[in-house]
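1 is the number of the first residue of the sequence shown in full-length UniProt numbering; add one for each residue after it.
Just below is one structure, and these are the notes that go with it.
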Amino acid sequence: MSHHELILFTGGSGTIAIDKRHYSIKKGMLCYISPGLHHTFEPEAGPGGFLSVHFSCAEVEWSQNQWTIHEGMKQLMKKTGKQLMDSYEVEASFRRLTTCWNEKKPGYPFAARTLLQQLFLAIADNVRKQNQNFASSLKVERIVDYMQRNLSKHITLEELAELVQLSSTYLTRIFKESTGYSVIAYFNQMKIDKAKELLLDGDHKVKDVAHLLGFADEFYFSRLFKRSEGISPIDYYSKNVHG
Numbered sequence: 001m002s003h004h005e006l007i008l009f010t011g012g013s014g015t016i017a018i019d020k021r022h023y024s025i026k027k028g029m030l031c032y033i034s035p036g037l038h039h040t041f042e043p044e045a046g047p048g049g050f051l052s053v054h055f056s057c058a059e060v061e062w063s064q065n066q067w068t069i070h071e072g073m074k075q076l077m078k079k080t081g082k083q084l085m086d087s088y089e090v091e092a093s094f095r096r097l098t099t100c101w102n103e104k105k106p107g108y109p110f111a112a113r114t115l116l117q118q119l120f121l122a123i124a125d126n127v128r129k130q131n132q133n134f135a136s137s138l139k140v141e142r143i144v145d146y147m148q149r150n151l152s153k154h155i156t157l158e159e160l161a162e163l164v165q166l167s168s169t170y171l172t173r174i175f176k177e178s179t180g181y182s183v184i185a186y187f188n189q190m191k192i193d194k195a196k197e198l199l200l201d202g203d204h205k206v207k208d209v210a211h212l213l214g215f216a217d218e219f220y221f222s223r224l225f226k227r228s229e230g231i232s233p234i235d236y237y238s239k240n241v242h243g
């Protein structure tokens with residue numbers, strides 16, 4: 001084609017090949033096809049659907065006291081295929097644009113251009129949030145790995161926040177969203193899981209296990225263990241080792 005195209009798949013399955021690269025189709029898959037790029041679509045069995053818009057654009061340049069217009073043939077997006085998360089807003093913008101074009105009410109060309117710009121903004125906003133979520137996930141994974149390697153230590157929230165260069169408040173929020181636990185509750189649960197392994201080995205007393213996992217107070221450790229498992233460490237050992 002001699003123009004740009006955006007395709008948002010709203011259902012179904014199949015494969016789309018763009019410039020010899022293949023993408024699996026499912027709801028929320030956004031494809032961008034630049035001018036002159038060969039593409040084919042292979043649908044699979046079952047109902048499906050997609051929204052599509054074809055458009056042209058131009059670059060306006062101010063140079064040597066005059067305006068110059070260049071046909072916009074270069075690729076506008078780095079990726080030709082991207083799976084959008086929570087694509088509701090993008091799909092809603094797409095439908096407003098296609099409805100405007102299909103109804104062809106007075107002034108629809110200008111309105112369609114405006115709605116196309118709104119669609120671009122919705123896509124950019126979705127990608128930005130997706131990238132932020134990915135970056136946050138990496139930081140949470142780093143925190144969990146650090147905890148795993150330091151089960152014998154006492155770690156503070158401030159220490160972990162400094163590790164990933166985030167505020168304590170923001171770290172608390174993204175950690176809870178990702179794991180369902182607060183930072184300290186998650187770390188304590190990791191300690192309890194390790195404590196169960198140590199107790200089942202049979203070579204450690206409760207006091208020893210508490211100290212190995214960074215608890216200065218074995219009675220606090222026992223209360224924490226019982227709150228998590230419903231029984232004390234001694235009862236856990238007796239139940240699982242002696243039956």
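Every residue, glycine too, gets a C-beta built ideally from N, C-alpha and C.
Source: prediction; values computed, not measured.
Span of the beta strand (DSSP E) around residue i
i: residue 44; result: It is not in any beta strand (DSSP E) - residue 44 carries neither H nor E in the DSSP assignment.
i: residue 68; result: 66-71
i: residue 83; result: 81-83
i: residue 57; result: No beta strand (DSSP E) holds residue 57; DSSP gives it neither H nor E.
Buried versus exposed, by CB contacts within 10 Å (16 or more), residue i
i: residue 188; result: buried
i: residue 199; result: buried
i: residue 87; result: buried
i: residue 60; result: exposed
i: residue 69; result: exposed
i: residue 241; result: exposed
i: residue 91; result: buried
i: residue 52; result: exposed
i: residue 138; result: exposed
i: residue 28; result: buried
i: residue 93; result: buried
i: residue 23; result: buried
i: residue 57; result: exposed
i: residue 147; result: buried
i: residue 110; result: exposed
i: residue 270; result: Nothing about residue 270 can be reported from this structure: the residues present for the chain run from 1 to 243 only.
i: residue 248; result: Missing from the structure shown is residue 248; the chain here goes from 1 to 243 and no further.
i: residue 124; result: exposed
i: residue 234; result: exposed
i: residue 219; result: exposed
Beta-ladder partner(s) of residue i, from DSSP
i: residue 24; result: 15
i: residue 9; result: 50
i: residue 32; result: 6
i: residue 38; result: In the DSSP output, where bridge partners are listed per residue, residue 38 has none listed.
Supposed close pair residue i, residue j - CB separation, criterion 8 Å
i: residue 151; j: residue 194; result: 5 Å
i: residue 228; j: residue 192; result: 5 Å
i: residue 44; j: residue 14; result: 5 Å
i: residue 76; j: residue 4; result: 6 Å
i: residue 25; j: residue 39; result: Contact doesn't hold; Cβ gap of about 12 Å is too wide.
i: residue 238; j: residue 222; result: The Cβ separation is near 14 Å, so there is no contact.
i: residue 84; j: residue 133; result: The Cβ separation is near 12 Å, so there is no contact.
i: residue 157; j: residue 164; result: Contact flag wrong, Cβ pair sits at about 12 Å.
i: residue 41; j: residue 16; result: 5 Å
i: residue 154; j: residue 202; result: Contact doesn't hold; Cβ gap of about 26 Å is too wide.
i: residue 89; j: residue 122; result: 5 Å
Start and end residues, alpha helix (DSSP H) containing residue i
i: residue 234; result: 233-237
i: residue 97; result: 88-103
Residue i: CB within 7 Å of a non-hydrogen atom of the ligand ADP
i: residue 38; result: As for the ligand ADP, it is missing from this structure, which has no ligand bound.
Item to check | Whole runs of the beta strand (DSSP E) within the UniProt domain "HTH araC/xylS-type" (141-239), excluding any shorter than 3 residues | outcome: Within the UniProt domain "HTH araC/xylS-type" (141-239), no run of beta strand (DSSP E) reaches 3 residues while sitting entirely inside it.
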